[in-house]
Structures are given as C-alpha cells and as structure tokens.
Amino acid sequence: MSQKFPADLSEFTVPGHSRGLIDALSYRYLLQLLIRKGTLTRYHGSVLGWVWSYVKPAAQFLVFYLVFGFFLGLNKGIDNFPIYLFSGMIAINLFGEAFGNATRSIVDNTALVQKIFLPRELFPISAVIVAFVHFLPQVLILVVVCLIAGWVPTLIGVASIIMGMLIVVTLAIGLGLFFGAINVAFRDAQNLVELILLFATWTSPVLYAWTMVADKVSPWVFNLYLANPLTSAVELFHAGFWFSTTSGSLPQPPHLAAFSLIGLLISLIVLAIGQLVFKRLEGHFAQNL
Amino acid sequence: MPRTSDPVLPRIIIDGVDKTFILRHTHSFKESFIAKLQKKKTTTSFSALSQIGFTVEEGESVALLGYNGSGKSTLLKLISGVMRPDSGRILTRGRVAGLIEVGAGFHPDLSGRENVYLNAAILGMNKDEIDRRFNDIVEFSEIGEFIDTEVKHYSSGMFVRLAFSVAIHTELDILLVDEVLAVGDAPFREKCKQKILELTNQGKTMLVVSHDVDMVTQVCKRGIVLRDGKVCFDGAVNDAVASMQGNGA
Chain D
230 MSQKFPADLS EFTVPGHSRG LIDALSYRYL LQLLIRKGTL TRYHGSVLGW
280 VWSYVKPAAQ FLVFYLVFGF FLGLNKGIDN FPIYLFSGMI AINLFGEAFG
330 NATRSIVDNT ALVQKIFLPR ELFPISAVIV AFVHFLPQVL ILVVVCLIAG
380 WVPTLIGVAS IIMGMLIVVT LAIGLGLFFG AINVAFRDAQ NLVELILLFA
430 TWTSPVLYAW TMVADKVSPW VFNLYLANPL TSAVELFHAG FWFSTTSGSL
480 PQPPHLAAFS LIGLLISLIV LAIGQLVFKR LEGHFAQNL
Chain Y
145 MPRTSDPVLP RIIIDGVDKT FILRHTHSFK ESFIAKLQKK KTTTSFSALS
195 QIGFTVEEGE SVALLGYNGS GKSTLLKLIS GVMRPDSGRI LTRGRVAGLI
245 EVGAGFHPDL SGRENVYLNA AILGMNKDEI DRRFNDIVEF SEIGEFIDTE
295 VKHYSSGMFV RLAFSVAIHT ELDILLVDEV LAVGDAPFRE KCKQKILELT
345 NQGKTMLVVS HDVDMVTQVC KRGIVLRDGK VCFDGAVNDA VASMQGNGA
C-alpha cells in the first residue's frame, strides 16, 4: 500500500500535541468557565453554601486557639497568638486545598480526559484557582480580626502577603501536576498527598514560633527548615498580618527576604519538574483512567 | 513533480499507525507478588490497530465500518488526540470536532444554559461564537423553556439532544461521529442526519463510525472496513458494507 503525501505539511497539526501550561493558559475563556463551575458547584445543595467557607476555618481556629493557646499555654511568648495562629493557618489551608484539589483533578475529570483532547494542565490549574477563591473569605476574616487588633497595612506588609501567596500557589500547581499525573495510574498518590499535608502543617511555624526550632536543632538543619517554601510563606503571612500588631518581642526569622526568594525558586523548580512529569505521563491518561 | 493548478491538501493523514494496549492483570503489590510466585503473566498486550494508513480528502465523508473490537473507536480517539499512536503518525488540518464526546463535559448540577457555554468552550469555541449561536443551539435541541433548569432533571433524550446540538454547532472542519446517532427518538435522529448531510454539502470532512448501515450509506460515499485492527477494505460505501457483511458470514 503506497500513500502519497503532500510535500508541504506546515498546515497540518498532530492531534493530542500541546505545549503544556502555555497552551492551557491560552484557553482563557474555558479556564474561566471551569473555575466558575468549580465555585458554583462546590456547595451545591447546601443551605448555607459559601457560609461554610467562613465557618470551617473559624471552627478550626477556635479549636487550635483553645487547645494550644489556652490549655497548653503556647501563647506565652507570642503576642496576639490568635492572629499569629490564624495567619499561618490560612497559608497552610490554601496549600492543602490547592494541592489536594489539583491532585484529584485529572481523575475527577475522567469523562473529559477520555473523550476530548484539551491541554490537560487546565484541570489542575483551575483546581488551584478554585482553591484560591475559597481562600479569600479566610483572608477577609483575618483582615477584620487584624483591623480590630490595630493592624495598619503597610506596602511592604502587603507585598509580603502577595509573595507568600505566590510561593504557595506555584508550589501547589507544581506538586499538583506531579501527583495528579501519578494519581491516574496509582491512586496511592492521593493518600501520599494527605501525608505530605500532615507534615506541611507541623513542619512550618504555624502552631509554634520559629525560635523554638532554632533552639533545638543545629544551624544547618535550621537553614534547611527555613528553605522550606512553606516556612517562608507562613512567615511572610506573619510578617504581613501579625508582626505589626505586636510589640516585636518575637523577632522575624533571619534573612526572611533571601529565604523567600529561595522558597520561590524552589517552587518554580518544582513547577518545572511537575510539568515535565505531567507531559511524560499525559499520553497514557486516557487509557489508564 | 508536476504542479497542479489547484492543489487541495488532504484533511486527515494516517500513516503506518500502530496502537497496542497493555492490560495489567494485577493492581497491587500483593497481586503482583503472588502472580510472580505462581509464574503467571502480569500483563497481556493487545494490538488494537496495526499499520493503518489512509488519507481523507477535503470534503470527503468516510464511514469506518467493522464489528465490535475491530479498532474503529480507538482510531477515532487517535485522530481526536485523546490517545497517541505508539508508532506512525497522524496529521490533521483544520479544526477537529468530535461527536464522540456528546455530553462528556456536562455537569448535572448546572443549568442547561451554563452547560451549553461550558461544553461549547470545551469543544473550542470562544464566548462571542457561543453567544452568536446560543439561540440556534437551543432551538435545534428543542429544549425550549427548560434551558434554565438543572441538567440532572432532564430526561435522557433531552440531555442527548442538548449535547448533540452543542457539538453540531461548533465551528469545525473535520467532524468525527461515533455511534451517537443511535440515541434520541426517530424524528430527532432524522433531524441529526439532515444536519450532518447539510455539513457534508458545505464541504466539511466527515468520519463516521456507526453500525447503522442505512444511515452510513446515506451520509457517506466512501467506506473503510477495519478487521482485527487492520484495514481490509477501502472503497465505495456500498461495496464496503457488502465486504464487511461478507466477511462476517
């Protein structure tokens, strides 16, 4: 069987070929609709709806505050411990929600992945953005509490908060791409992610002060501790929301700006690796689901 | 090479395409371990397509025929880009839309209207295009006032009509149709057939997978018969149908 092919193939495209994140972002309108779908259907059928987005973190906060701050007395060295706790907690909540959603996003969209070709990066990205939308009510609660406590927003404070969000979101997309792709063939990934989230909550200075770590471990371990992007993100949130409401008895960790840049760099590397692995495994999504 | 005055490029080129599926029999470490001990095979490979090669010209409407498991749907999935061939190449020219995915992007908790926008965007339309065609889509689907009802309350017929209507109204150059015409009642099926004929007359390229011999012979001119993952006939649609039925007997 001999076939004749046109000499000029420049008008042709290879089906199923995409340039990853770049292509996904060019589907702006679809991304917008996917995010809308994610936010609209999230509390579908519940009477309180989005109120839950305020109730759940508030309850979590209350429990932590009572147990750690009141019963265990951890707030002795930390002024305005409730704000300290809450500002760190929402950073970790954002990470957990975004990372978890992104990991499940490919499996959750099985019908689409199996039947239509789209840049599949769209699903983790929209999952992360939906998590971000979900995170905004928590910021609102925090801002209200901070204002009551006499918080005056500063330019550098706001910049810190934005930098913190940027680190968390980048890291969540990167890890989400990685584990989301693996989750297609091995659903173990979902469980592994829960473990990672457990570690993320306890290894970043949310429930305690960084000085407690510095006192216990050798300097190089402490540097490693600070290089964790989530540690930088939590400390950036502390710097933005909490620090200016205190007398300064608990200083900011050393070289926060430098470690934030390192954190962002690590997040970007994770994102690149995540994208690479995702692209590698993408070809098998439809048949493995 | 002599230059023709009007060189029309083909729409789909399929060149030496193979696709093999590897079926895993074990799904956990425990199972793999036991299978190893018992010296059982843990995987089987299954050749779904081997050395498929043909081109579809601009404006051609081709029927892909064959019995269950002959590889028709796999081939459509390769052309739509959902799966990738193991070897060989597939090239398409222009916008490919598939009726394979009827309703795939529908979310039961959203209204018909929101699902139309979502699904049309999934099929590659932008907001302006959808806005312009929205009324046509609703009219064709005969959903009428229920367009703002949540899709989960639709009957299966309404669901399919709306999904089909979205798919058929997308801007496309190549249309892939897989068995979807078996759904809906007789008048709606007739309407779909008319719509597909209308698209063929507009010069759209069409690749149809169907077991409905009557429909296929009316819509398509050329037929390709697949058998065990290989092309065993390629020619006029009536001969293709005869070839397939002859082989099966």
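These protein sequences, in sequence, are chains D and Y. With our numbering applied, the first sequence covers 230 to 518. With our numbering applied, the second sequence covers 145 to 393. By construction, the Cβ of each residue, glycine as well, lies at the ideal position given by its N, Cα and C atoms.
Which residues mark the beginning and the end of the beta strand (DSSP E) in which residue i is found?
| i | result |
| --- | --- |
| residue 192 (chain Y) | 187-200 |
| residue 227 (chain Y) | Premise fails: residue 227 (chain Y) is in no beta strand (DSSP E) and is neither H nor E. |
| residue 468 (chain D) | Residue 468 (chain D) -> no beta strand (DSSP E), and no H or E assigned at all. |
| residue 377 (chain Y) | 374-380 |
| residue 350 (chain Y) | 349-353 |
| residue 301 (chain Y) | That residue, residue 301 (chain Y), is in no beta strand (DSSP E); its alpha helix (DSSP H) goes 300-312. |
| residue 367 (chain Y) | 366-371 |
| residue 275 (chain Y) | No beta strand (DSSP E) holds residue 275 (chain Y); the alpha helix (DSSP H) holding it covers 271-285. |
| residue 322 (chain Y) | 318-322 |
Can you look up residue i in the DSSP assignment and give me helix, strand or coil?
| i | result |
| --- | --- |
| residue 320 (chain D) | helix |
| residue 241 (chain Y) | strand |
| residue 162 (chain Y) | strand |
| residue 423 (chain D) | helix |
| residue 240 (chain D) | coil |
| residue 207 (chain Y) | strand |
| residue 509 (chain D) | helix |
| residue 518 (chain D) | coil |
| residue 307 (chain D) | coil |
| residue 231 (chain D) | Any reading at residue 231 (chain D) is ruled out, since the residue's pLDDT is 47, under 50, leaving its predicted position unreliable. |
| residue 294 (chain Y) | strand |
| residue 156 (chain Y) | strand |
| residue 345 (chain D) | coil |
| residue 235 (chain Y) | strand |
| residue 275 (chain D) | coil |
| residue 385 (chain Y) | helix |
| residue 167 (chain Y) | strand |
| residue 443 (chain D) | helix |
| residue 147 (chain Y) | In this prediction, residue 147 (chain Y) scores a pLDDT of 47, lower than 50, which makes its location untrustworthy; no coordinate-derived value is stated. |
| residue 338 (chain D) | coil |
Please state if the CB of residue j and the CB of residue i are separated by a distance shorter than 9 Å.
| i | j | result |
| --- | --- | --- |
| residue 323 (chain D) | residue 401 (chain D) | yes |
| residue 390 (chain D) | residue 465 (chain D) | yes |
| residue 340 (chain Y) | residue 320 (chain Y) | no |
| residue 254 (chain D) | residue 262 (chain D) | no |
| residue 359 (chain Y) | residue 206 (chain Y) | no |
| residue 366 (chain Y) | residue 214 (chain Y) | no |
| residue 320 (chain D) | residue 413 (chain D) | no |
| residue 226 (chain Y) | residue 263 (chain Y) | no |
| residue 346 (chain D) | residue 224 (chain Y) | yes |
| residue 196 (chain Y) | residue 162 (chain Y) | yes |
| residue 367 (chain D) | residue 286 (chain D) | yes |
| residue 335 (chain D) | residue 514 (chain D) | yes |
| residue 409 (chain D) | residue 245 (chain D) | no |
| residue 312 (chain D) | residue 375 (chain D) | yes |
| residue 304 (chain Y) | residue 252 (chain Y) | no |
| residue 422 (chain D) | residue 329 (chain D) | yes |
| residue 312 (chain Y) | residue 243 (chain Y) | yes |
Whose C-alpha, out of the options, is nearest the C-alpha of residue i?
| i | options | result |
| --- | --- | --- |
| residue 250 (chain Y) | Y:375, Y:276 and Y:300 | Y:300 |
| residue 236 (chain Y) | Y:159, Y:389, Y:373 and Y:356 | Y:159 |
| residue 499 (chain D) | D:485, D:256, D:458 and D:253 | D:458 |
| residue 170 (chain Y) | Y:162, Y:163, Y:208 and Y:182 | Y:182 |
| residue 338 (chain Y) | Y:286, Y:292 and Y:362 | Y:362 |
| residue 488 (chain D) | D:475, D:433 and D:455 | D:455 |
| residue 189 (chain Y) | Y:168, Y:180 and Y:176 | Y:168 |
| residue 474 (chain D) | D:333, D:266, D:353 and D:382 | D:382 |
| residue 378 (chain Y) | Y:198, Y:357 and Y:266 | Y:198 |
| residue 302 (chain Y) | Y:177, Y:185, Y:282 and Y:389 | Y:282 |
| residue 332 (chain Y) | Y:316, Y:285, Y:369 and Y:322 | Y:285 |
| residue 102 (chain Y) | Y:203, Y:288, Y:266 and Y:172 | Any property of residue 102 (chain Y) remains undetermined from this structure, which presents chain Y solely from 145 to 393. |
Residue i lies in the alpha helix (DSSP H); which residues open and close that run?
| i | result |
| --- | --- |
| residue 203 (chain D) | Lying before the first or after the last residue shown, residue 203 (chain D) is absent from chain D, which here runs from 230 to 518. |
| residue 479 (chain D) | No alpha helix (DSSP H) contains residue 479 (chain D), which DSSP labels as neither H nor E. |
| residue 387 (chain D) | 384-414 |
| residue 258 (chain Y) | 256-266 |
| residue 451 (chain D) | 448-456 |
| residue 363 (chain D) | 351-377 |
| residue 253 (chain Y) | From DSSP, residue 253 (chain Y) is part of no alpha helix (DSSP H); its letter is neither H nor E. |
| residue 436 (chain D) | Note, residue 436 (chain D): premise wrong, no alpha helix (DSSP H); not H, not E. |
Interface positions of the stretch 269-298 of chain Y facing chain D (Cβ-Cβ less than 8 Å), listed along the chain:
270 and 271
Please list the residues of the stretch 355-375 of chain Y that have a C-beta atom closer than 9 Å to any C-beta atom in chain D, keeping them in chain order.
375
For the stretch 372-398 of chain D, enumerate the residues whose C-beta is nearer than 9 Å to any C-beta of chain Y, in chain order.
none
Contacting positions in the stretch 321-351 of chain D - beta carbon closer than 7 Å to chain B:
The structure shown contains no chain B; the protein chains it does contain are D and Y.
In chain order, what residues of the stretch 204-229 of chain Y put their CB closer than 8 Å to some CB of chain D?
221, 222, 223, 224, 225, 226, 227 and 228
Within 9 Å of chain Y by C-beta, residues of the stretch 458-490 of chain D in sequence order:
none
Name, going along the chain, the residues of the stretch 265-285 of chain D whose beta-carbon falls closer than 9 Å to a beta-carbon of chain Y.
265, 266, 269, 270, 273 and 274
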